[in-house]
Each structure stands twice: as structure tokens, then as C-alpha cells.
Amino acid sequence: MAKRVQTWPESGGAETGRYSMPDGLQELSLSIMDDVHLIQDEVFLGPRVLAKIIADIAASGGFIIISSATLPDAFIQYIEEEAKRRGVNYISKKVSKSKPRNVLKLGEELTADKVECRGKTLVIANSVVKARDLSKGLEEKCKGFEVLT
């Protein structure tokens, strides 16, 4: 893990310094961390360490955006605690912008006959057997169209 190797105080009481690689480069730019909910392990060490690194980068002047559809509350709490400890402005903003979708829900089992070949269509099956059956049926029905399975 990268460590802060030299630090010095600046006016206003803020601490600055430089990091060993790779964080030294990150403090000078915008860091966007996507799908951070995937950074987990058995003892939840990854999120705790990442929260410290995030707070240190932000304290040295870097900007960080964290993106996740399912961010654990414990991870948010670690980030808030580390930001507070380092005196970093922490802004939490939940964004919920969803593109309208045309969703067809059937009360019966989906077959290839009920799927149009034209346009862009996403079919989600809840079992491998159903997915294989639909794939085979769509390949037969939609010859001349690209069917990705």
C-alpha cells in the first residue's frame, strides 16, 4: 500500500505532502472509482483500507467520485469516518437517473415466438436450461439477424 513519505503543514493547518506510487499521481487528478462494492473480502479489509486511501488523497487535494449500484452502508460509514478524521469535506449525493425502458412482463413462460427479431432486445432467463432453450429457438426463428447468447 502506498504511504505518505513526506509531509509538511500549509497555511490554515492543512497537511500536504507526497505519496509513494501510485497514490502520488492520483492526488493531482480526478479519481473515479466505479463498482467499488466489488472490493470486498472475508474480513471487509479492502473497504477499510480503501476508505483510508480515499481520505488521504482527498486531504492532499485530489477529487474522488465513487460509483456503485449497491454500495454497502458500512463502506460509506468508513469513508465518512476517515474523511472526518482527515478534515476532508465529504459530500454524499445519491443520484437516481434511470433511462425509461420498455419492459414486458409475462405471466406465462417466455418462448422464442414471443420475442421480436427486429430491434434491440434483452432477454433475461432465470435458469441455464431456459436460456439455452430460448437461445436455440431465437437462432432458428431469427435467421438473418444477429443473436448474441
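Read left to right, the sequence shown gives residues 1 to 149 (UniProt numbering).
Don't be surprised by glycine CBs; every beta carbon is placed ideally from N, CA and C.
Buried/exposed call for ALA55, threshold 16 Cβ in 10 Å = Label assigned to ALA55: buried.
Can you check DSSP and say which residues form a bridge with ILE64?
-> SER31
Do the stretch 65–83 and the stretch 110–117 make contact, defined as three or more Cβ pairs closer than 8 Å?
-> no
If you draw a straight line from the C-alpha of ASN126 to the C-alpha of SER60, how long is it?
-> Straight-line Cα distance between these residues: approximately 47 Å.
If you run the structure through DSSP and keep just helix, strand and coil, what is PRO47?
-> helix
Between ALA58 and ILE64, which are expected to be in contact by the criterion C-beta below 8 Å, what is the C-beta distance as a whole number of angstroms?
-> 6 Å
Kindly indicate which three-state DSSP category LYS143 falls into: helix, strand or coil?
-> Of the three classes helix, strand and coil, the one that applies to LYS143 here is coil, per DSSP.
Applying the criterion that 16 or more other CB atoms from any shown protein chain within 10 Å of the CB defines a buried residue, is LEU148 buried or exposed?
-> exposed
Pick from TYR78, ASP34, ILE32 and THR70 that is closest to PRO47, judged by C-alpha positions = TYR78
Burial state of ALA74, where buried means 16 or more other Cβ atoms lie within 10 Å | exposed
Closer than 6 Å by C-beta to MET33: which residues in its own chain qualify, once you throw out the five before and the five after it? Chain order, please.
-> ILE66
Candidates PHE145, GLY107 and ASN89: which alpha carbon is nearest ARG118's?
-> PHE145
Under the three-state reduction of DSSP, which class applies to LEU82: helix, strand or coil?
-> Before going on, a small fix: residue 82 reads as Glu here, not Leu. Three-state result, GLU82: helix.
Could you tell me the distance, in whole angstroms, from the CA atom of LYS143 to the CA atom of ALA69?
-> 36 Å
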